[in-house]
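Participant:
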Ligand SMILES: Cc1cc2nc3c(=O)[nH]c(=O)nc-3n(C[C@H](O)[C@H](O)[C@H](O)COP(=O)(O)OP(=O)(O)OC[C@H]3O[C@@H](n4cnc5c(N)ncnc54)[C@H](O)[C@@H]3O)c2cc1C
Ligand code: HEM
Ligand code: SF4
Ligand code: F3S
Ligand code: FES
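Chains as they are written, first to last, in my numbering: chain A, 2 to 581; chain C, 30 to 166; chain Y, 2 to 255; chain D, 52 to 179.
(1) Could you check whether the Cβ of residue 239 of chain A sits closer than 8 angstroms to any Cβ belonging to chain Y?
(2) Any heavy atom of ligand 4 inside 7 angstroms of the beta-carbon of residue 186 of chain Y?
(3) Nearer than 7 angstroms: is that true of the beta carbon of residue 61 of chain C relative to any heavy atom of ligand 2?
(4) Excluding the 5 residues flanking residue 111 of chain Y on each side, which residues of the same chain have their C-beta closer than 7 angstroms to its C-beta?
(5) Kindly examine ligand 6 and report whether one of its heavy atoms sits closer than 7 angstroms to the Cβ of residue 144 of chain A.
(6) With a threshold of 7 angstroms, establish whether the CB of residue 400 of chain A neighbours any heavy atom of ligand 1.
(7) With distances taken from CA atoms, which of A:191, A:384 and A:295 is nearest residue 4 of chain A?
(8) Would you kindly report the start and end of the unbroken alpha helix (DSSP H) that includes residue 549 of chain A?
(9) Compare the C-beta of residue 456 of chain A against all C-beta atoms of chain Y and say whether one is closer than 8 angstroms.
(10) Report whether the distance from the Cβ of residue 193 of chain Y to the nearest heavy atom of ligand 2 is below 7 angstroms.
(11) What runs of the alpha helix (DSSP H), each 4 residues or longer, lie entirely inside the stretch 204–243 of chain A?
(12) Quick check: the stretch 42–49 of chain A against the stretch 64–71 of chain A, are there 3 or more CB pairs under 8 angstroms?
(13) Distance, Cα to Cα, residue 163 of chain D vs residue 115 of chain D?
(14) Give the secondary structure of residue 279 of chain A by DSSP, where H, G and I count as helix, E and B as strand, and everything else as coil.
(15) Report yes or no: do the stretch 136–149 of chain D and the stretch 71–81 of chain D share at least 3 C-beta pairs separated by less than 8 angstroms?
(16) Are the CB atoms of residue 497 of chain A and residue 67 of chain Y within a distance shorter than 8 angstroms?
(17) To the nearest angstrom, how far is the alpha carbon of residue 472 of chain A from that of residue 480 of chain A?
(18) Please report the residue range of the beta strand (DSSP E) in which residue 72 of chain Y lies.
(19) Within 8 angstroms of any Cβ in chain D, is that where the Cβ of residue 224 of chain Y sits?
(20) Could you name the residues of the stretch 82–109 of chain D whose beta carbon sits closer than 7 angstroms to any beta carbon of chain C, in the order they occur along the chain?
(21) Identify whether residue 30 of chain Y lies in helix, strand or coil by the three-state DSSP scheme.
(22) Is DSSP giving residue 51 of chain A helix, strand or coil here?
(23) Can you grab the Cα-Cα spacing for the pair residue 167 of chain C / residue 92 of chain D, in whole Å?
(24) Any idea which residues DSSP pairs residue 34 of chain A with across the strands?
(25) Taking the beta carbon of residue 332 of chain A as the centre, do at least 16 other beta carbons fall within 10 Å, making it buried, or is it exposed?
(26) Using the Cα positions of residue 253 of chain A and residue 38 of chain Y, report the straight-line distance between them to the nearest angstrom.
(27) Taking Cβ to Cβ, would you say residue 167 of chain Y is nearer than 8 angstroms to residue 78 of chain Y?
(28) Could you check whether residue 207 of chain A and residue 512 of chain A sit closer than 8 angstroms to each other, using their CB atoms as the reference points?
(29) What residues in its chain sit with their C-beta under 6 angstroms from that of residue 445 of chain A, if we drop five residues either side in the sequence?
(30) Just to make sure I have the definition right: I need the residues of chain Y whose C-beta is within less than 7 angstroms of the C-beta of residue 58 of chain C. Which are they?
(31) Nearest chain D C-beta to residue 52 of chain C closer than 8 angstroms, yes or no?
(32) Just to confirm before moving on: does the CB-CB distance between residue 194 of chain A and residue 414 of chain A stay below 8 angstroms?
(33) Within 10 Å of its beta-carbon, does residue 313 of chain A have 16 or more other beta-carbons around it, so buried, or fewer, so exposed?
(34) For a contact defined as C-beta to C-beta under 8 angstroms, what are the partners of residue 179 of chain Y on chain C?
(35) Could you spell out where the alpha helix (DSSP H) holding residue 57 of chain D opens and where it closes?
(36) I'd like to know if residue 319 of chain A contacts chain Y, where contact means its C-beta is closer than 8 angstroms to some C-beta of that chain.
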C-alpha cells in the first residue's frame, strides 16, 4: 500500500481544478490527480466564451450581469453567490489574459466581447456584448493557458489516476483513494484538504455534448460517502447540438447573428421570446425547438430537428469567428454552414446541480454544516450560481472564480491544521468494489446497461418531463442498477484496464441518474431546465428551494434516497415572471 | 504519472531580439543551402558540358581533360565543385548516419569512416587538379 | 436578409448499415512481448467514426481492446492513431471517407513506446513540450487592465494556438521516428505560439532552446506533420517561421 | 503472429524527401568513384583512357543517365526545399512546386536521355 502525503489534493484538472492548483500550489504542497491528461479535460470543448462586465465594447456593469444570472436561473440562484461571481468575473478574465490567454481583440487592442443568450443591458432591455472569447475555442484556450501556467509553477500532476473514493474521518475529509491506470495499483493520498473538480455527468443521457469521460465521478463519490447532492433535477439541454450526434454548436453562433428556423423557414423564436428571440436563455430555446418538432414543423426525413441558419452572415465572419463549429458541421454532417442550413436539436449539456458548497467552496454536509477539509468547484459543485438554468458563458466563469476560491480556501485551511489520521484500511472499500467487478462472472454487459440507461433518460427525463415518464425512468434505472450487480468485466488485467474503469463509471452514472429522476419527480413545478408538463408553472410558494438528496439505508437495510430542501438565498432580486 | 517538470524559473531578463551565437547545426543547415545553390551552377554546368554538349562521354579522353585543365578557369571550377560537393555530401551523410545509427558506437565508427573517405577523396582530387601534367605520356 | 428555406438540405435516403473489418495492431506486454494483428468485423453506418467502430469492438466483442478517448469530436487530442497508414484522430475519421473494401488498419502512433494496444507513452512528447517554456513570460510592469494587443499582432500566432497536443504531427515525422531526441513539430508549434505573441518577452530563450542540436534545424520539411494535424494547423509553416526567426531575428521572420 | 507496423503513408512531400536523401547519397558515392577514376589521369593517359573507355559501354552509359537524373532531381528539389525555407509562401505552395520540378525533370530528362544515349543507340542499332 502506497501512501502519498500532501497538504492539498485536487481531484480533476479541468478549468476548475487547474485554476485551484495555481492558487493552492503557491501556498501549500499540492498534488493534482486527474483521470485524463489535463489538456484533455472537457473544459477544452467549451466554445462560446466567458462573460464579464468589462464594458470594453459597450456600457455594462456587474450588477446587470448578476441580475441576468439570477433571472436566467429562474430565481433558484443563490443571489449572494451570483454577486460574488459576477463581481469577480472581471478580474477572472483579466487574470487569464495576463496568464497569456489570446482573447480576440477589439480594434483598440482590448479584449473583444460578443452577445450571448440571456445576457442583457439594464435588466433585460436588449442583448449586451459581454462574452469575452477566443474565436470559438475559448474553453480550449482557458484549459491550455491554465495548464501552461501550472507547468510554469511546477505543479505536480498525477495524470491518468482515477480517484475512486474520498476518505472521511469523523466528518472531516482526510484523503482520497486513487487507481493508477497504467499499473492498476491502488494508492492512498493523505491530505489536509481536498478539492473536487471532476466536472459533469452528461453521459447519463444518450445525446450529449459531453465527453465519454464525463461520468460524474466526483458527485457519485461524495454521494456514496453520505454527502448530499443538490438540485440534480436541473440538467441543461443546449439548443444547438448537431442533430443526432449531440456535438455542440456554440450559442456564440447565434451571438454572431445565427437564426433558428423550422422546416417552413420561419424564425420561430420570434413567437417565443419577442425581445431577444434566438438569444433567449437555453431552457426556453430548447423547449421552443422541441415544441416546433412536436407540432410537426420539424425538418428532415423524420421531421425531428430544426435548422440553424448562418447563411446570411458574411463567410469571413463565420470562418474567422466560428471556425471550429463550421468544421464540426462539415466533418460530421457533411453540411457547410456557409451555404447550407445546419440540422440541430437540443443536446444534454450541463449539470446545474451537484455537490453543494457555500461561496467559499466548502462542501456542505447538510443545510447547516460544512465538511472540514473538503472543497468543490466547477461543474461538479452546486454553489448555486446557475439555479434552475445556467446562462451561456457562466460556467467558464464559474470554474475560474470558484476554482480560484477553492484553491485559496483549501490551502489556507491546510496551513492551519495538521493531518488528521487516516481511517483504518482506507483502501478497503475501493479494493472490494474493484475485486467484485473483476471476479464477477455475471452475464450482464456494461454497454448494454449503459445504453438502456441513456435511452430511458433521453426518452423520459429530457427537456419535457411528466410524472409518468419520470416514473418510467425510475423503474428502468432501478432495474438497471439491479442488473448492474451481475455485470462482467472482460479485461482482467492490471495494465490500462479501461474496461474495468468504464464499469466503475457506469456504476456512478446509475446512481446519479436515479438521484436526478427522484429529485425531478418530487419537484412538482416547472422552473428553468426542469419543465414538467403536468405542472407547467413555477411554484414559488412550495418550490423556491433547493433539493438536497441523500443516500440512506432504511431499517431493513434497503437503500433509498432521502430528499431534503434548502432555502434559496435572496439578497436583492425578488422573483418575477421570466419574460424576454 | 508525470513528474514535476524540472524547469529553471523563467528568466525574465530582457532578451535580445536578435541573437548571435555559433551553432553547428544551424551553420550546417545554412551551409547545405548555400553550397547547394552554388552547386546547381557548377554541377549542372559540369554535367551539361560533359554529357550533353557534342557527344557526351564518348568524346572524353585524356586529351580532352588535358585541354580543359590547362585553363585556370576550369581548374578553379572543378576544384570548387569538388570541395563543395564533398563537404555538402559528407555533411548530408553525417546527418543521415545520425538518423539511422542508433547506438553511439556505430554512429562513431560510421562517421569516422565517412570523414576519412571524404578527406582522402578531397585531398586526392585537389592533388590531381593542381599537379596534373598535361604532357604526361 | 436571405429567405432561407429547408430545400437547402438535400434529403438523403436513410443510410444503410454495412460490415467493415478492422485490422488492429495489438500488444499487451503482460501477455506476451510481441505485437500481433487481429481482425474484427462490425456493422456500421457510413457516417460512423472509427472511434465508434473501436467502441463497438470493445463493448460487444473484446473488452480488452484498449485505447484512449474522451471528447469524441476532435478537441481533446486523446485518440491520435494510425488509421490506414496515416495519423488521424479516430473520432474525426468517418468510415465513409476510408476505403473499406479491404480491412481498415489501425495501429498506435509511431515513435513513442507502446504501453498496450493503441496506447503509447506520452511522457517524452510532453517533456519536449515542457522544454520550450510553453507559457507567457513578460518583463513589463503588470498593467491593471489587460495588455493591449492589436488584432494583427494576435493573428500572427492564431494558428498555433489551436494545438490540442494530440501528437499526431510529431509521431508522423520521419525525423522523430529515427531521432527521439528531436523536439518534434508539436513542441515547435507551441514555441511558435509564444515566440510570436507580442506580449511575450522570452522569444530569445525559446529560440535558443530550439537552436540546439535536436531543435528546429532537424526538420527536413517533409510535411507529414502538416498533413496529419487534425486541427489544420500549418505546422511546417510555423516551423519555417521559427527557423527564420533564429536566422534573422524576430522582426523579419513572418 | 509477431508483426511490425505498416509503412507510414506519408504524402508526396515525404516521398520527395526520401528521394532527395537517396539521390544525395547515391551522388556522393558516385563522387568518390569519380574522383578516384579521374585521379588515374595522374597515373597515365592510357590508364585513364581505358577506364573512360569502359564508361562508353551501354551499361555504364545507362548508369550515367541515372546519375544525371539523380543529380538533376536532387538539385531541383534542393531548390524547392530552399524556396520552402526562405520564401514566405513556400510552405503553402510546396506541392505545386514539387509538380513543377517533376515537370522540369521530365522535360530535361526525356531529350537529355536521348542525347546521352545517342551514341549507344547508334552503335547498337546503327546510325539512321
Ligand atoms: C461542448 C461544450 C461547450 C461548452 N461551452 C461553454 C461556453 O462557451 N461557456 C461556458 O461558460 N461554458 C461552456 N461549457 C460548460 C463548461 O465548459 C464546463 O461546465 C466546464 O468546463 C467544466 O469544467 P470543470 O473544470 O468543472 O470540469 P472538466 O473540464 O470536465 O474537468 C474534469 C476533470 O476532472 C477529472 N476527473 C473526473 N473524474 C475523475 C476521477 N474520478 N479521478 C480523477 N480525476 C477525475 C478529469 O480528468 C478532468 O480533468 C461547455 C460545455 C461543453 C460540453
Ligand atoms: C546540384 C545542386 C545541389 C543542390 C541544390 C543541393 C541541395 C541540397 C539541400 C538544400 C539539402 C538539404 C536538404 C534538407 O535539409 O532537407 C541537400 C542535402 C543533401 N545533399 Fe545536396 N544538393 C546538391 C548537390 C548535391 C551533391 C552533388 C551531393 C553529393 C555529393 C549531394 C548530397 C546531399 C546529401 C547526402 C544530402 C543529405 C540529405 C538528407 O539529409 O536527407 N547534394 N542538398
Ligand atoms: S500541432 Fe496539430 S497534430 Fe500536432 S499536436 Fe498540435 S494539434 Fe496535434
Ligand atoms: S514531419 Fe517532420 S521533418 Fe519537419 S515538416 Fe514536419 S517536422
Ligand atoms: S476523443 Fe477527443 S480528440 Fe478524439
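A virtual CB, placed ideally from N, CA and C, is assigned to each residue, including glycine.
Facilitator: Quick answer:
(1) Here the question's residue 239 of chain A lines up with position 238 in the first chain. For residue 239 of chain A, the answer is no, since every Cβ of chain Y falls outside 8 angstroms of its Cβ.
(2) By 1-based counting over the third chain, the position of residue 186 of chain Y is 185. Yes, the Cβ of residue 186 of chain Y comes within 7 angstroms of a heavy atom of ligand 4.
(3) The sequence position of residue 61 of chain C within the second chain is 32, counting from 1. Yes; taking the cut-off as 7 angstroms, the Cβ of residue 61 of chain C has a heavy atom of ligand 2 nearer than that.
(4) Mapped onto the third chain, residue 111 of chain Y falls at position 110. Around residue 111 of chain Y: 83, 172 and 178.
(5) The ligand content of the structure shown is limited to ligand 1, ligand 2, ligand 3, ligand 4 and ligand 5, which means ligand 6 is not among them.
(6) Residue mapping note: residue 400 of chain A aligns to position 399 of the first chain, counting from 1. Yes, Cβ of residue 400 of chain A sits closer than 7 angstroms to a heavy atom of ligand 1.
(7) As a working note, residue 4 of chain A is residue 3 in the first chain. Nearest C-alpha to residue 4 of chain A: A:191.
(8) Looking up residue 549 of chain A in the first chain gives position 548. Premise fails: residue 549 of chain A lies in the beta strand (DSSP E), 546–554, not in any alpha helix (DSSP H).
(9) Residue numbering aside, residue 456 of chain A sits at position 455 when the first chain is read from its first letter. Not one chain Y Cβ lies under 8 angstroms of residue 456 of chain A.
(10) Locating residue 193 of chain Y in the third chain gives position 192, where the first residue counts as 1. No, since every heavy atom of ligand 2 falls outside the 7 angstroms radius drawn around the Cβ of residue 193 of chain Y.
(11) 218–225
(12) no
(13) Counted from its first residue, the fourth chain places residue 163 of chain D at position 112. Counted from its first residue, the fourth chain places residue 115 of chain D at position 64. Cα to Cα, the separation comes out at about 11 angstroms.
(14) The count along the first chain starts at 1 and reaches residue 279 of chain A at position 278. Three-state DSSP puts residue 279 of chain A in a helix.
(15) no
(16) Indexing the third chain from 1 puts residue 67 of chain Y at position 66. Indexing the first chain from 1 puts residue 497 of chain A at position 496. A contact, by the Cβ cut-off of 8 angstroms.
(17) Here residue 472 of chain A is taken as the residue at index 471 of the first chain, counted from 1. Here residue 480 of chain A is taken as the residue at index 479 of the first chain, counted from 1. If I take the Cα positions, the gap works out to 12 angstroms.
(18) Sequence index remark: in the third chain, residue 72 of chain Y carries index 71 (1-based). No beta strand (DSSP E) holds residue 72 of chain Y; DSSP gives it neither H nor E.
(19) Position 223 of the third chain, counted from the start, is the residue given in the question as residue 224 of chain Y. Closer than 8 angstroms: yes.
(20) 82, 83, 86, 89, 90, 92, 93, 95, 96, 99, 100, 103, 106 and 107
(21) As a first step, residue 30 of chain Y must be located in the third chain, where it is residue number 29. In the structure shown, residue 30 of chain Y sits in coil (DSSP, three-state: anything other than H, G, I, E or B).
(22) Taking the first chain and counting its residues from 1, one reaches residue 51 of chain A at position 50. Three-state DSSP puts residue 51 of chain A in a strand.
(23) As shown, chain C starts at 30 and ends at 166. That puts residue 167 of chain C outside it, with no answer to give.
(24) Counting from one through the first chain, the residue named residue 34 of chain A turns up at place 33. A:12 and A:159, per the DSSP bridge assignment.
(25) As a working note, residue 332 of chain A is residue 331 in the first chain. Looking at its Cβ environment, which holds 16 or more other Cβ atoms inside 10 Å, residue 332 of chain A is buried.
(26) For the purposes of this step, residue 253 of chain A is taken as residue 252 along the first chain, with counting starting at 1. For the purposes of this step, residue 38 of chain Y is taken as residue 37 along the third chain, with counting starting at 1. About 45 angstroms.
(27) Locating residue 167 of chain Y in the third chain gives position 166, counting from the first residue. Locating residue 78 of chain Y in the third chain gives position 77, counting from the first residue. Taking 8 angstroms as the Cβ cut-off, residue 167 of chain Y and residue 78 of chain Y qualify as a contacting pair.
(28) The residue you call residue 512 of chain A lines up with position 511 of the first chain. The residue you call residue 207 of chain A lines up with position 206 of the first chain. Cβ atoms of residue 512 of chain A and residue 207 of chain A: not closer than 8 angstroms.
(29) One-based indexing of the first chain puts residue 445 of chain A at position 444. Counting only Cβ-Cβ distances below 6 angstroms, and skipping sequence neighbours, we find 484, 487 and 488.
(30) Locating residue 58 of chain C in the second chain gives position 29, where the first residue counts as 1. The answer, in chain order, is 218.
(31) For the purposes of this step, residue 52 of chain C is taken as the residue at position 23 of the second chain. With 8 angstroms as the cut-off, residue 52 of chain C does not count as an interface residue toward chain D.
(32) Translated into positions along the first chain, residue 194 of chain A becomes position 193. Translated into positions along the first chain, residue 414 of chain A becomes position 413. Result yes, Cβ atoms of residue 194 of chain A and residue 414 of chain A sit closer than 8 angstroms.
(33) Counting from 1 along the first chain, the entry for residue 313 of chain A is found at position 312. So residue 313 of chain A ends up on the exposed side.
(34) Residue mapping note: residue 179 of chain Y aligns to position 178 of the third chain, counting from 1. Within chain C, the residues near residue 179 of chain Y are 128 and 129.
(35) Mapped onto the fourth chain, residue 57 of chain D falls at position 6. Premise fails: residue 57 of chain D is in no alpha helix (DSSP H) and is neither H nor E.
(36) Counting from 1 along the first chain, the entry for residue 319 of chain A is found at position 318. Not closer than 8 angstroms to any Cβ of chain Y, the Cβ of residue 319 of chain A fails to qualify, so no.
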